[in-house]
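Asker: Questions regarding the structure given below will be posed in turn.
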Ligand code: ADP
Ligand code: MG
């Protein structure tokens, strides 16, 4: 259940390789699709969406890289298994329907069963059921040319389902339909995912459809450029963190748990990145709308997963809602990204540098951030307290006390509000270290 149902690794597809009309369609694409997910592949015309879909279905052979479907490498399976996969493993729906004009609606729907050697009665039972389900049973005896576009697409969806495949590929399935028929077909596909638990991979260039998916894979110029999650259906161990028991936690994580009271063991085990995104967002932002925060948080999560870079995230934050962005403005996006990169850079330094260097870098960052006026000695004292925290000799509360205590009592003599802010910032930086 937790293994991907489809895994694309370093896929490269070049058409007419070595010839004058060579087209590089996909460059190093890696994608994992999990069972029961509804994934949309989104991007402008010509970016390689159909090529990726055909590669996943085994219709297009890779130039380099590999595609695995239900655990089988498509470059290595026998012809017979490939046929089996196309007949019963996957169903396909296309923009152009591809119905056979000389066959009735019911015969079209049952066609994939003909090659399975089932009797006519068996075939038709299942076909009629599907026609009923999609409200086109009255059209059973008609020919495709007598149907509307929306009805034809429902016939082609019924045909894709007749052998009960686990995976449905849909390439721009509503590209030729008016908006009402399009919504109708999109709702049918959503229902197949939610009710029938089919894995759906749908290709579109229409941003209005993105809300239907659990996950959106953005493509541009033959590459995956971004990923966005509406509903997390990837299994928790896709994040590759083992189960944890409290006793086995490092001292550092135990101390962090004291600060982040809502940081659970489950989160340490599997949801650390989403949790981190959430903490960092609420740490930095206050006066934005819920929606602006939510959209931005999903980007931040992808940034922390290393699925997108800082530049892409900045653009997405600035972009309008209508264009799929978070609808911030440039100034806010810039100051936010500066803050996020400062924090993530510092937390990276924690894993790469020793505690003396890290505590000095952190002291400088905090002085800059909170505009503190400190001389060399005061800075040294601050760094020494930070070092204690980084070595997990003290927890957040003890750090705050030391920062707040008067110099006479061997403290840093900071204002209590500043002491609180600094200790909070330090915990966030330490938390970011965990992936
Ligand atoms: P999309 O579905 O995103 O519009 P495609 O995967 O159809 O993109 O195409 C990606 C690129 O590969 C385009 O430049 C297209 O012209 C080219 N291409 C697609 N199929 C072929 C083919 N059979 N032969 C040569 N070039 C192709
Ligand atoms: Mg296409």
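Numbering (my numbering), first residue to last: 63 to 497. Backbone N, C-alpha and C define an ideal beta-carbon position, used for all residues, glycine too. This structure is a prediction, so every number in the text was calculated from the model and none was measured.
What residue range does the alpha helix (DSSP H) around residue 445 cover?
Answerer: 438-452
Asker: Report yes if the CB atom of residue 75 is closer than 8 angstroms to the CB atom of residue 130, and no otherwise.
Answerer: no
Asker: Is it true that the CB of residue 365 sits closer than 8 angstroms to the CB of residue 381?
Answerer: No, these two residues do not count as a Cβ contact at 8 angstroms.
Asker: Let's test the definition: count the other Cβ atoms within 10 Å of the Cβ of residue 69 and tell me whether it reaches 16, buried, or not, exposed.
Answerer: buried
Asker: I need the DSSP call for residue 194, collapsed to helix, strand or coil.
Answerer: helix
Asker: Closer than 7 angstroms to a non-hydrogen atom of the ligand ADP - does that hold for the CB of residue 96?
Answerer: no
Asker: So what does residue 94 bridge to, in DSSP terms?
Answerer: 69
Asker: Look at residue 144 and residue 110 and say whether their C-beta atoms are less than 8 angstroms apart.
Answerer: no
Asker: Return the CA-CA distance between residue 306 and residue 157, expressed in angstroms with no decimal places.
Answerer: Whole-angstrom Cα-Cα distance: 47 angstroms.
Asker: Exposed or buried, what is residue 164 when buried is set at 16 or more other beta-carbons lying within 10 Å of its beta-carbon?
Answerer: exposed
Asker: Does any heavy atom of the ligand ADP sit closer than 7 angstroms to the C-beta of residue 172?
Answerer: no
Asker: Look up residue 82 in the DSSP assignment and say whether it is helix, strand or coil.
Answerer: coil
Asker: For residue 494, which of 279, 281, 477 and 337 has the nearest alpha-carbon?
Answerer: 337
Asker: Return helix, strand or coil for residue 207, following the three-state DSSP convention.
Answerer: helix
Asker: From residue 343 to residue 418, what distance separates their C-alpha atoms?
Answerer: So the alpha carbons of these two residues sit roughly 28 angstroms apart.
Asker: How is residue 343 classed by DSSP in three states: helix, strand or coil?
Answerer: helix
Asker: Could you name the residues that DSSP lists as bridge partners for residue 134?
Answerer: DSSP, once it has assigned bridges, lists 131 as partnering residue 134.
Asker: For a test of your reading of the model: does the CB of residue 113 fall under 7 angstroms from any non-hydrogen atom of the ligand ADP? Yes or no.
Answerer: yes
Asker: Per DSSP, what kind of secondary structure is residue 381 in: helix, strand or coil?
Answerer: coil
Asker: Report all residues from its chain with a CB closer than 7 angstroms to the CB of residue 449; omit the five preceding and five following residues, and keep chain order.
Answerer: The residues are 417, 418 and 421.
Asker: Based on Cα-Cα distance, which residue from 346, 379, 370 and 407 lies nearest to residue 357?
Answerer: 379
Asker: Along the chain, where does the alpha helix (DSSP H) containing residue 460 start, and where does it finish?
Answerer: Per DSSP, residue 460 belongs to the alpha helix (DSSP H) from 458-466.
Asker: State yes or no: is the C-beta of residue 216 within less than 8 angstroms of the C-beta of residue 250?
Answerer: yes
Asker: Pull up the distance between the alpha-carbon of residue 388 and that of residue 204, whole angstroms please.
Answerer: 48 angstroms
Asker: Would you say the beta carbon of residue 80 is closer than 7 angstroms to some non-hydrogen atom of the ligand ADP?
Answerer: No; taking the cut-off as 7 angstroms, the Cβ of residue 80 has no heavy atom of the ligand ADP nearer than that.
Asker: Look at the alpha carbon of residue 63 and the alpha carbon of residue 334, and state the distance between them as a whole number of angstroms.
Answerer: Residue placement at residue 63 is poorly supported in this model, since its pLDDT is 46, which falls under 50; the coordinates still yield a value, given next. Distance between the alpha carbons of residue 63 and residue 334: 21 angstroms.
Asker: The alpha helix (DSSP H) spanning residue 264 covers which residue range?
Answerer: Counting along the chain, residue 264 falls outside any alpha helix (DSSP H), though it belongs to the beta strand (DSSP E) covering 261-266.
Asker: Give a single yes or no on whether residue 53 has its beta carbon closer than 7 angstroms to a heavy atom of the ligand MG.
Answerer: Residue numbering for the chain in the displayed model covers 63 to 497; residue 53 lies beyond these limits and cannot be assessed.
Asker: Return the CA-CA distance between residue 47 and residue 372, expressed in angstroms with no decimal places.
Answerer: Nothing about residue 47 can be read from this structure; the chain reaches only from 63 to 497.
Asker: For the region 81-88 and the region 251-270, state whether three or more C-beta atom pairs, one from each stretch, are separated by less than 8 angstroms.
Answerer: no
Asker: For residue 153, write down the residues that DSSP places opposite it in a beta bridge.
Answerer: 230
Asker: Using C-beta distances below 8 angstroms, list every residue in its chain close to residue 186, excluding the 5 sequence neighbours before and after it, in chain order.
Answerer: 168 and 172
Asker: Measuring from the CB of residue 233, is there a heavy atom of the ligand MG at a distance below 7 angstroms?
Answerer: yes
Asker: Who are residue 289's beta bridge partners in DSSP?
Answerer: 279
Asker: Tell me whether the beta-carbon of residue 261 lies closer than 8 angstroms to the beta-carbon of residue 67.
Answerer: yes
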